[in-house]
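Undergrad: Take our numbering: the final residue in the sequence shown is number 115, and no numbers are missing along the way.
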Amino acid sequence: GHEGRGAGLYNKIKAYEILDTESSKNHIDALSDVGCQSDIREYNAAARFLKYTLEIKSLRLFSNNLQKFEAVKKLFGSYGSRQSMPTIPGEYNEKYLQEKVSLCGHDGLLE
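Here's what the structure looks like:
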């Protein structure tokens, strides 16, 4: 499934093993090292399901991922909105959050 940007749980665990042993690597490099693309997820199908199958008229997405919001905005137009999720950068997650901002285009993670 979507675990690890679509890489699956097994590959995500292998990527974490790489990160544990090679501190110069980031999570995108580690996924690549196990043979996965940086992100293969596609959000349009989920947005279409919400709108056409569940007949949802408006949607507020709680996410820092701007690609997810683009899928919502494309279908819901002005009836789609996004709320950034607050994070608390700390010793164990700050590097990862910085990577998500600089490499994946997320926002609102380090504010």
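Note that beta-carbon positions come from the ideal geometry of N, C-alpha and C, so glycine has one too.
Starting from residue 70 and walking both ways along the alpha helix (DSSP H), at which residues does that stretch end?
TA: Here the question's residue 70 lines up with position 66 in the sequence shown. It spans 70-80 - the alpha helix (DSSP H) in which residue 70 sits, taken as one unbroken run.
Undergrad: Apart from the five residues on each side of it in sequence, which residues of its chain come closer than 6 angstroms, Cβ to Cβ, to residue 73?
TA: The residue you call residue 73 lines up with position 69 of the sequence shown. If we look at residue 73 and ignore the five residues flanking it on each side, its Cβ neighbours are 65 and 86.
Undergrad: Who pairs with residue 27 in a beta bridge, going by DSSP?
TA: Here residue 27 corresponds to residue number 23 of the sequence shown, with the count starting at 1. Under DSSP, no beta-bridge partner is assigned to residue 27.
Undergrad: Have a look at residue 68 and residue 43 and give me their C-alpha separation to the nearest angstrom.
TA: As a working note, residue 68 is residue 64 in the sequence shown. As a working note, residue 43 is residue 39 in the sequence shown. Each residue's alpha carbon lies about 15 angstroms from the other.
Undergrad: Looking only at its own chain, which residues have a Cβ that is under 8 angstroms from the Cβ of residue 32, when we skip the five neighbours before and after it?
TA: The sequence position of residue 32 within the sequence shown is 28, counting from 1. 42, 103, 107 and 108.
Undergrad: Answer yes or no: do residue 34 and residue 11 have a C-beta to C-beta separation smaller than 7 angstroms?
TA: If you number the sequence shown from 1, residue 34 lands on position 30. If you number the sequence shown from 1, residue 11 lands on position 7. Contact flag unset, no.
Undergrad: Looking at the structure shown, is residue 106 part of a helix, part of a strand, or coil, going by DSSP?
TA: By one-based count along the sequence shown, residue 106 stands at place 102. In the structure shown, residue 106 falls within a helical segment according to DSSP collapsed to helix, strand and coil.
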